[in-house]
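Quick note, the sequence shown lines up with residues 358 to 510 if you use our numbering.
The beta-carbon is built from N, C-alpha and C at its ideal position, and this holds for glycine as well.
For clarity, every value in this text was computed on a predicted model and none was experimentally measured.
Report on the structure given below.
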Amino acid sequence: MKDYWYTHPIRVRYQETDQMSVVFHGNYVTWFEIGRTEWIRSMGYHYRDIENKGLLLPVIDLAVKYVSPAKYDDMVIVCTRMKECTPLRIEFESQVRKVTNDNFFSAEYANEIELPGDMLVTGGTKHVWVNTNFQPTRVSKVMPELYEVITNS
Numbered sequence: 358m359k360d361y362w363y364t365h366p367i368r369v370r371y372q373e374t375d376q377m378s379v380v381f382h383g384n385y386v387t388w389f390e391i392g393r394t395e396w397i398r399s400m401g402y403h404y405r406d407i408e409n410k411g412l413l414l415p416v417i418d419l420a421v422k423y424v425s426p427a428k429y430d431d432m433v434i435v436c437t438r439m440k441e442c443t444p445l446r447i448e449f450e451s452q453v454r455k456v457t458n459d460n461f462f463s464a465e466y467a468n469e470i471e472l473p474g475d476m477l478v479t480g481g482t483k484h485v486w487v488n489t490n491f492q493p494t495r496v497s498k499v500m501p502e503l504y505e506v507i508t509n510s
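Structure, rendered in structure tokens:
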């Protein structure tokens with residue numbers, strides 16, 4: 358999985374833009390989250406199911422580098438891949454890329470070299486697995502099947 362990006366399409370909505378007609382900077386962080394949740398969903402797991410097992414995945418580090426702005430009605434793809442996973446932590450790498458009608462596609466895995474469009478934002482998040490008391494918890498013990506899917510895919 359580390360070599361492949363999961364891509365999720367988004368059309369920029371009017372309410373996501375600011376007075377300058379560009380996407381408000383905080384929305385890219387929301388798009389990173391959408392990318393992560395859809396990445397996990399693509400493997401057959403839902404955040405709700407993981408949380409129902411008593412596992413939470415708070416962000417402990419966030420990095421965002423803005424390269425170029427997206428604007429209202431642009432078509433973008435949120436590209437997400439796992440960078441590293443241990444029983445206690447997981448790290449994701451993210452990109453947001455502007456695409457055209459010709460290369461706007463539904464969610465699928467794509468090789469990094471084949472990612473379409475122009476880079477708008479790059480960054481990533483680091484997370485720690487915790488229980489409902491926010492104590493560090495090994496995902497490999499609570500949900501070994503999830504850990505196996507994540508690390509072996």
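Quick one: what's got a C-beta closer than 6 Å to Glu-448's C-beta in the same chain, skipping five residues either side?
-> Closer than 6 Å at Cβ, skipping near neighbours: Lys-440, Glu-441 and Lys-483.
Backbone CA spacing between Gly-480 and Tyr-363 [nearest angstrom] = Near 15 Å, if we compare the C-alpha coordinates of Tyr-363 and Gly-480.
Which term fits Thr-457, buried or exposed, when burial requires 16 or more other beta carbons within 10 angstroms of its beta carbon?
-> With fewer than 16 other beta carbons inside 10 angstroms of its own, Thr-457 counts as exposed.
Output the distance between the C-alpha atoms of Pro-473 and Arg-454, rounded to the nearest integer angstrom.
-> 7 Å
Kindly give me the distance between the Cβ atoms of Val-369 and Tyr-429, rounded to whole angstroms, as I take these residues to be in contact under 8 Å.
-> 6 Å
Could you tell me how far apart the beta carbons of His-365 and Val-435 are, in whole angstroms, since I believe they sit closer than 8 Å?
-> 5 Å
Between Met-377 and Pro-426, what straight-line distance do the alpha-carbon atoms span, to the nearest angstrom?
-> 10 Å
Using a threshold of 8 Å, state whether the C-beta atoms of Tyr-361 and Arg-438 are closer than that.
-> yes
According to DSSP, what are the bridge partners of Ser-451?
-> Thr-437 and Gly-480
Would you call the CB atoms of Leu-419 and Trp-486 closer than 8 Å?
-> no
With which residues is Tyr-423 paired in a DSSP beta bridge?
-> Val-478
Between the CA atoms of Val-506 and Glu-471 - distance to the nearest angstrom | 24 Å
Length of the line joining the Cα atoms of Val-380 and Asp-475 | 15 Å
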